[in-house]
Amino acid sequence: MSFDRAGYERAVREAQRRAEAEARRQVDAYNRQVEQFNRQERQRVEREVNEHNRRAERHNRAEEQRVRRVQEQNRRAISDYNRHVGQVNAHNAAVIGDLQNRLRVAESGPRYTVAEEALADRVQRAVAPLDDREWDVFLSYARIDGEQAGDPLYRHLQDLGVRVWFDAFTIQAGKSQARQMDQGLQKARAGVVLLTPAFVAGRFWTERELGALLHKETLIPVLDGVTFEQVAEFSGILPDLAGFETARDSIDTIAQKIAAAVLPG
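Just so it is clear: in the sequence shown, position 59 is 84 by my numbering, and no numbers are missing.
This is the structure we're talking about:
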């Protein structure tokens, strides 16, 4: 029997066609599965993104509402604070105005002497045109013997609404003391110099402060334990100025006289 070569070749080609068709069918089936999987994944991702966006939108709306509520609360708080400050300022101005008048015309109780009234008038004229400063007065004293009068003077002035630079309460640890004192002097509308025996003796810091305050129209001397005659030996300028004396008035009264001089009425 002879070999049918042509038939064999046809059978091979047919087998190849069937194999190729089966391969294409499997590839097409696989591609359809991949496409279906990709479509499902896209849908899942879109659902998750949409849900995330909806949650984010709800969160943003809630945050916006919360921020608006906080802003409104802050506006009301600021408005209430400003109204309160206005009322306090008006009250303080009325109190200071009454104090200024009483110290000049009172028939009894605390009253300026003629020299003290001239001092108060000079200080008032000097501070009136000044821009608003961080401090109303810079309180200069010798710590070695000035705290006994300086501390209550500071507290009485604070109670009267006077903003006082006083190192015992104002100096911040860790910062240059000299620089803080220089800034306090620059940012104060007036200077109160508490003259005590140690101050007159010439302590380093008090000499530095007095040098910055001296010759200023806003200098207010307060004598405690010394007289103007004794101060004359320390400075030839201070005796020409009036001052308040603890020998004549209490610290509370002196604080009232200073407040009436430095605060607007």
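We put the beta carbon where it would ideally sit given N, CA and C, even for glycine.
DSSP, reduced to helix, strand and coil, places Asp192 within a helical segment of the structure shown. Judged by DSSP in its simplified three-state form, Ser104 adopts helix. Taking C-beta atoms as the reference points, Val225 and Val247 fail to come closer than 8 Å. Excluding residues up to 5 positions away in sequence, Leu248 lie with their Cβ nearer than 7 Å to the Cβ of Glu270 in the same chain. Across the structure, Leu185 and Leu124 are spaced so that their CA atoms are roughly 10 Å apart. Exclusion of the five residues before and after Pro177 leaves Ile276 as the residues of its chain whose Cβ lies within less than 7 Å of its Cβ.
In summary, Gly175 is buried, with 16 or more beta-carbon neighbours lying within 10 Å of its beta-carbon over all protein chains present. For Leu220, DSSP records a beta bridge to Leu248. Distances from the CA of Pro154 to each of Glu88, Ala215, Ala102 were compared; the closest alpha carbon is that of Ala215. Around the Cβ of His77, a 10 Å sphere holds fewer than 16 other Cβ atoms; the residue is exposed.
In the three-state reduction of the DSSP assignment, Arg214 falls in the strand class. Using a 10 angstroms sphere on the CB of Gln281, the tally of other CB atoms reaches 16 or more, which defines it as buried. Assignment of Val120 by DSSP, reduced to helix, strand and coil, places it in the helix class. In the three-state scheme derived from DSSP, where H, G and I count as helix and E and B as strand, Glu270 is classed as strand. Beta-bridge analysis with DSSP links Val162 to Val189, Ala215.
Gly32 sits in a helix when the DSSP states are folded into three classes. For the pair Ala213 and Trp190, the CB atoms are nearer than the 8 Å cut-off. In the structure shown, Tyr55 falls within a helical segment according to DSSP collapsed to helix, strand and coil.
Spanning the alpha carbons of Glu60 and Arg49 requires a straight line of approximately 16 Å. Along the length of the stretch 125-184, whole alpha helix (DSSP H) runs at least 4 residues long occupy 139-152, 168-184, reported in chain order. In the three-state reduction of the DSSP assignment, Glu88 falls in the helix class, which pools H, G and I.
When DSSP states are grouped into helix, strand and coil, Glu258 belongs to the coil group.
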